[in-house]
Each structure stands twice: as C-alpha cells, then as structure tokens.
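Beneath this line is the structure, given in structure tokens, with notes to follow.
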Amino acid sequence: MPRSVTRPARDLRLPLWQALIAAALGGVLLDIAFPSPNVWVAAFPGIALTLLALRGRSLGGAILVGCVGGLTFFFLLIQWVSTYLGPVPWIALAAFEGLFFAAGSVAIALVLRWVPRVLPNAWGRLLVIPIAVGGLWTGREYLAGHYPYGGFAWGRIAESQSTSPLASLAAYLGLSGLSFVIVGVVALLVQLALERPMRVVVRAGVAVVACGVLLVVPAWPTHDAGTTTIAAVQGDSKAGFFQQHQYGDLTNAQVEATYEHVPTSKKVDMVVWPEGASDRDPTRDSFGRYAFDTISQRYDAPLVSGVITQKGTKLYNSSIVWQGGKVTAQYDKRHLVPFGEYVPDRPFFNALAPSLVGLLTRDETSGSGANVLTVNGVKAGFAICFDIVDDALTTQMVNGGAKVILAQTNNADFGRSEENTQQLAIARLRAIETSRPLVNISTVGSSAVISADGKTIDSIPAYKPAAMVTKVTLGSGITPAIRFGGALEAIACWLGLAVLVLSGVGSRILPRRSSVGDDRADGDGSDGAGPHEGRENAPALADA
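Residue numbering for the sequence shown follows the UniProt record's numbering, beginning at 1 and increasing consecutively.
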C-alpha cells in the first residue's frame, strides 16, 4: 500500500509588481504600529504582507522586495532625523537600515523556499517555518541594533507593542524574545492559511491556541521594595543643538521650573533633571555650583542632573548626584550616538560630507563605569537618552541592584516629532521588562513616570515647564527576561540560522519536490498560481 504523503502548501507567489506593492504596504502598516499613531495591531498585517511578498522570490526579487519594504518602513519611522539636520542624515540612516531589512528579507525568502522542499509533513512545516522566520527577523534586529558603531536599535517589532496586551510578555521574554514570538506567530498564521487541504476547523484551532497562549500569560508579579518620592523637572529649555541661547540659560530654565512647580511643602527624596539640563558644570563653574547647592538645600535632597563634564581633555555626557556642595556619584553615558555625540572615523566621513561633519566640532567619550548609583539611600539605574535602547545596559542595571530607573533625555533636537513618543514607548517596555518603576524625564517632553507594570503614574505635556512629584513603589527581584533574555535571543537567532543552512543543504541533496520554493525568475506575469493548484487527484493530507 503506497505511503500517504502531505501536499505542499499553496504555491501563492505574487507577481513581482504585486509583491512590491504588498511590501510597501507592509512597511506603511509597520510604521503605523509605532508611535505615532501607535496602532499596535497594525504590526500583524504589516508582517504578514511582508512575508507574503517574499514567498517564491528569486534572490534578486527578494532583495528588491526587502528594500522596498525596509525603506518604506524606516523612511516613515525616522522622519524626525531631518528635523534640524535636513534630509541627508535621514536618507542615509533610513537607507542603511533599509539595507539591513533587505538582507534579513533575503534570508527569510530562502527559508520560505527551501523548508517546504525538505519537509513533506505539514505539521513539520508549521513548526519549523515560524521558528525560522521569527529567528531570522530577530537576528536581523540584533545585527542592526549592534553594528556598526553600536548599531541603531530602533524599529524593533517589540517596540510597537508598548501599549498592547502583549507588552507584559516583555517581562518573560525581553524585547528580542517578544519580537521573535510576534513574528513567529504571524508566520504561523500565514503558513496555516496556505497549507492544504487542512480542514478549516484544524486551521482555526491551531490559530486560536497560538494566539490565546500569548494573551493568557499573566503579568509578571511586581515585588514591593519600599517607596521613594521623586521630583522630576521638565524645564522646557532651548536645549537643542541648533537652538540659540545664552550661556547659563539651560540651568536657569531648570531652576525656575523647579522653584515654581516643586513646592517645599512636599518632602522629596531626590530632585531629577534631564540629560543636558545644565549648561554649567558645577565642578568648574561657580554659578553652576551655586544653582546646584541652592536646589539641593531648598529641598534637603540630592539633585540628579545631566551635565557635560570634563576629565583632562575628554568630554562626557554625564549624570551627577549633587549634595553637600559636591558630586557624590556620577554616571557617564555608555551608549553614545554616532554622528550625534561623536563622529566615528572622522577623516573618512569628513571627506564624504564635510559640511555635516563640521557641525559636530567636539567628540564625547563613552563612559565605562557602573550604571547604578546610590541616591539618598536608593539604588537607581541610570539611562541617558540612547542608553535606553541597549539591552545589555538594562540587564546590568537590574543585576547591579537598581530598584528604580532614571531615564534622562534631551529631545529638543527633534522638535514636536514622533521621536520622543517612540523613545517613551521603549522606556515603558523597559519598565515592564525589568519590573522596575521608571522616571522618563526630558528637557521638553515626553516626560512620564511609569510603574513597574507599564502604567503611566504621572506625565507632563510636551513643551511645557512643569514637574512631577511622585511617590513610586520601588521594585526588586529578577524577571525571566533579565535572567534568560540574552540566552533566549541567542537561541532564537541561532535556530533561524540553523534552519536556513540545513534547509539549504537539504534542498540540494534531496529530490526536488514541487512547492512554493520553485526556482522561477521573478516577473510581472500572472504566475501566482503554482503548478499544483486545482489538481483533484493530489494525495490527501494524511496528518490533518
């Protein structure tokens, strides 16, 4: 009796012109999922359209589809780069990230081609393809977030979910793990729709179980470690790189906002100013010392402020803890922004764009110290602006004993764009991931105090001098994301790569089976239906 075999998935292969439209629409939907407008559910059809556009593509077609999808997404997502610097940096960064996206798309297209050739079993395909696609997407996000020059960890799928029901998964999986699961589930749903002739009830059952598991995971329990009262002050100063101001104006704005909006009748444990809040270093400037002493003495509490400090000839973007007329602790920013706080390989880039490189006349130096400082008896984790996107620094905070996160930032260079709300979304996920309250304080907004479960406790409207005086519940304990997040990320990435390599080798060794992976050249003809579509005598799906 002949052995029953499964039929391959539907050979849904869009003509190239349709695939390009689908990829562009997918990029638009991915952007819509992020702040703003922050329609998080749009990420799911955005991923699905991207995957459908990649099915059956040749190498050249996959590159083209990936470029269209990636460029559309990043050009829309990071328009804020052009706010003051003009179109050149925006185009350069979006194009570079779009190429990363295209490279990941090629790998995914190959998996979608090769796996059906080597796996004749529908259930095997439903297991392996989502894992591989999720792993390769996560791997692309990892590489883009680390290389070159420390990377640009912006636009990760997880970052679109800060206000969704899936945000609580960040405490279990971390941001990379959350991206892996979301992309994997979408890949599973797409594959389910294409497997044939699987019964509708089976497809629906698998889809419901997969989605239901994600939604029923309970929020990670928070652990009360006492309270502390924090006064976080948004001075609404002209702290942008190209904004005109006199020396001392930034410090004055913060002092005035603190005096006006933080009453002395409220006992506070610390006063927190944003990144770059003071343009006077109190260790080198007498007026700065007087201003810092005045605030600290007025509230009988340490002042935590962002300031540019200098050690020898090196400049640092620092956060200092000032009390008793001196610096009692200091954190120097670890994750500097290339072309924003320093110019890497300056001679090379100066030859390419001398007018732009010439705008940044000084290079700051990355710090090397711990990012956990003791402030009035409370261990606080420090993240200055771009530090908040760094997974490793987040893990170091918690492992260093941080019970609250102080995220100081200066968003004045990006005007009223989406940059500040996108950064706040990342900060919200960090609070959930670490199970720590987080104070996101900006020079101009968005400023908010976020609880350990991601809820907004207090906030300040953008471009308004104001303060948040908030009693926050400190956090303790280690979430699974902090304990295992790095390992989960590595496993996901290596699984994706392993499936890519093994399926590629297997497709060369095993007899070729007709599937969505047929090696046909991309074109604009009506070749979307595969050679098996509509055959009545095809073998039945034995395991469905």
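Every residue, glycine too, gets a C-beta built ideally from N, C-alpha and C.
Following the continuous alpha helix (DSSP H) through D224, name the residue where it begins and the one where it ends. The count along the sequence shown starts at 1 and reaches residue 224 at position 224. Premise fails: D224 lies in the beta strand (DSSP E), 224 to 234, not in any alpha helix (DSSP H).
Tell me whether V389 is buried or exposed, calling it buried when 16 or more other Cβ atoms sit within 10 Å of its Cβ. For the purposes of this step, residue 389 is taken as residue 389 along the sequence shown, with counting starting at 1. V389 should be labelled buried.
Are the beta-carbon atoms of E419 and P35 separated by less than 7 Å? Taking the sequence shown and counting its residues from 1, the one referred to as residue 419 is at position 419. Taking the sequence shown and counting its residues from 1, the one referred to as residue 35 is at position 35. In this structure, E419 sits away from P35, with a CB-CB distance that is not shorter than 7 Å.
S459 (DSSP reduced to helix, strand or coil): Taking the sequence shown and counting its residues from 1, the one referred to as residue 459 is at position 459. Here DSSP, grouped into helix, strand and coil, assigns S459 to strand.
Alpha carbon of L30 to alpha carbon of F96, nearest angstrom: For the purposes of this step, residue 30 is taken as residue 30 along the sequence shown, with counting starting at 1. For the purposes of this step, residue 96 is taken as residue 96 along the sequence shown, with counting starting at 1. Inter-residue distance for L30 and F96 is about 18 Å (C-alpha atoms, whole angstroms).
Contact under 7 Å by Cβ, residue 551 with P282: The shown model of the chain, from 1 to 544, leaves out residue 551, and the question about it has no answer.
Can you tell me the Cα-Cα spacing of G155 and L77, whole angstroms? In the sequence shown, counting from the first residue as 1, residue 155 sits at position 155. In the sequence shown, counting from the first residue as 1, residue 77 sits at position 77. About 7 Å.
Counting C-beta neighbours from all protein chains within 10 Å, is the total for L173 16 or more, i.e. buried, or is it exposed? Residue mapping note: residue 173 aligns to position 173 of the sequence shown, counting from 1. L173 counts as buried, since at least 16 other C-beta atoms from the protein chains shown sit within 10 angstroms of its C-beta.
How far does the alpha helix (DSSP H) with V183 in it reach, from first residue to last? Taking the sequence shown and counting its residues from 1, the one referred to as residue 183 is at position 183. First-last of the alpha helix (DSSP H) with V183: 170 to 194.
Looking at the unbroken beta strand (DSSP E) that takes in G475, where does it start and where does it end? Here residue 475 refers to the residue found at position 475 when the sequence shown is read from its first residue. The continuous beta strand (DSSP E) containing G475 extends over residues 466 to 475.
How about C493 and T138: do their beta carbons lie closer than 7 Å? If you number the sequence shown from 1, residue 493 lands on position 493. If you number the sequence shown from 1, residue 138 lands on position 138. A distance below 7 Å separates the beta carbons of C493 and T138.
Assign I509 to buried or exposed, taking buried as 16 or more other Cβ atoms, counted over all protein chains shown, within 10 Å of its Cβ. Within the sequence shown, the letter at position 509 stands for residue 509. So I509 ends up on the exposed side.
Unbroken beta strand (DSSP E) runs of length 3 or more, entirely within the segment 82 to 155: which are they? DSSP runs (the beta strand (DSSP E)) wholly in the segment 82 to 155: none.
Kindly indicate which residue of G69, A452, S168 has the alpha-carbon position closest to the one of L52. For the purposes of this step, residue 52 is taken as residue 52 along the sequence shown, with counting starting at 1. For L52, the nearest C-alpha among the options comes from G69.
Boundaries (first-last residue) of the alpha helix (DSSP H) holding N410: One-based indexing of the sequence shown puts residue 410 at position 410. Per DSSP, N410 belongs to no alpha helix (DSSP H) and is neither H nor E.
C-alpha distance - A187 paired with P148, whole-angstrom precision: Looking up residue 187 in the sequence shown gives position 187. Looking up residue 148 in the sequence shown gives position 148. Answer to the nearest angstrom: the Cα atoms are 29 Å apart.
Using only CA atoms, which one of P354, R334, E341 lies nearest to A370? As a working note, residue 370 is residue 370 in the sequence shown. Checking every option, the nearest Cα to that of A370 belongs to R334.
My guess is that Q191 and R125 are in contact by the Cβ rule of under 8 Å, so how many angstroms apart are they, rounded? Residue numbering aside, residue 191 sits at position 191 when the sequence shown is read from its first letter. Residue numbering aside, residue 125 sits at position 125 when the sequence shown is read from its first letter. Yes, Q191 and R125 are in contact; Cβ-Cβ is about 6 Å, under 8 Å.
Does the count of Cβ pairs from the segment 251 to 262 and the segment 461 to 477 closer than 8 Å reach three? The answer is yes - the segment 461 to 477 touches the segment 251 to 262, with three or more Cβ pairs under 8 Å.
Look up Y290 in the DSSP assignment and say whether it is helix, strand or coil. Residue numbering aside, residue 290 sits at position 290 when the sequence shown is read from its first letter. The three-state reading of DSSP puts Y290 in helix, counting H, G and I together.
Using a threshold of 7 Å, state whether the C-beta atoms of Q161 and I460 are closer than that. As a working note, residue 161 is residue 161 in the sequence shown. As a working note, residue 460 is residue 460 in the sequence shown. Taking 7 Å as the Cβ cut-off, Q161 and I460 do not qualify as a contacting pair.
DSSP three-state label for T374, please. As a first step, residue 374 must be located in the sequence shown, where it is residue number 374. DSSP places T374 in strand when its eight states are reduced to three.
Could you pull the start and end residues of the beta strand (DSSP E) that V304 belongs to? As a first step, residue 304 must be located in the sequence shown, where it is residue number 304. For V304, the enclosing beta strand (DSSP E) starts and ends at 303 to 311.
Closest by C-alpha distance to P15, when choosing among L93, N38, A62: As a position in the sequence shown, residue 15 is number 15, starting the count at 1. Nearest option by C-alpha distance: A62.
For F292, I'd like the list of residues in its chain whose CB is within less than 6 Å of its CB, leaving aside the five on either flank, ordered along the chain. Start at 1 with the first residue of the sequence shown, and residue 292 comes out as number 292. Excluding the 5 residues flanking it on each side, F292 has same chain C-beta neighbours closer than 6 Å at P282, L303, W322, in chain order.
Pick helix, strand or coil for Q246, following the three-state DSSP scheme. Looking up residue 246 in the sequence shown gives position 246. Here Q246 sits in coil by DSSP.
Neighbourhood of G226 by C-beta distance below 7 Å, restricted to the same chain and skipping five residues each side: As a first step, residue 226 is located in the sequence shown; it is residue number 226 there, counting from the start. Taken in chain order, the residues that qualify are L474.
The beta strand (DSSP E) enclosing N317, as first and last residue numbers: Within the sequence shown, numbered from 1, the residue matching residue 317 stands at position 317. Looking at the DSSP string, the run of the beta strand (DSSP E) that includes N317 is 314 to 323.
7 Å CB neighbourhood of R298 in its chain, flanking five on each side removed: In the sequence shown, counting from the first residue as 1, residue 298 sits at position 298. Excluding five sequence positions before and after R298, the CB atoms of its chain that fall closer than 7 Å to its own CB belong to T264, given in chain order.
In this structure, how does DSSP classify I384 when only helix, strand and coil are distinguished? For this step, residue 384 is matched to residue 384 along the sequence shown. Reduced to three states, the DSSP call for I384 is strand.
Can you tell me whether P354 is buried or exposed? The criterion is at least 16 other CB atoms within 10 Å of its CB, across all chains shown. Looking up residue 354 in the sequence shown gives position 354. It is exposed - the Cβ of P354 has fewer than 16 other Cβ atoms within 10 Å.
Distance between S296 and G134 (C-alpha atoms, nearest Å): By 1-based counting over the sequence shown, the position of residue 134 is 134. By 1-based counting over the sequence shown, the position of residue 296 is 296. The alpha-carbon atoms of G134 and S296 are separated by roughly 50 Å.
Exposure label - V111; buried when at least 16 CB within 10 Å: In the sequence shown, counting from the first residue as 1, residue 111 sits at position 111. The residue in question, V111, is buried, as its Cβ has 16 or more Cβ neighbours within 10 Å.
In terms of alpha-carbon separation, which member of A24, V185, R113, G66 lies closest to F100? Stepping through the sequence shown from its first residue, residue 100 is reached at position 100. Of A24, V185, R113, G66, the residue nearest in Cα terms is G66.
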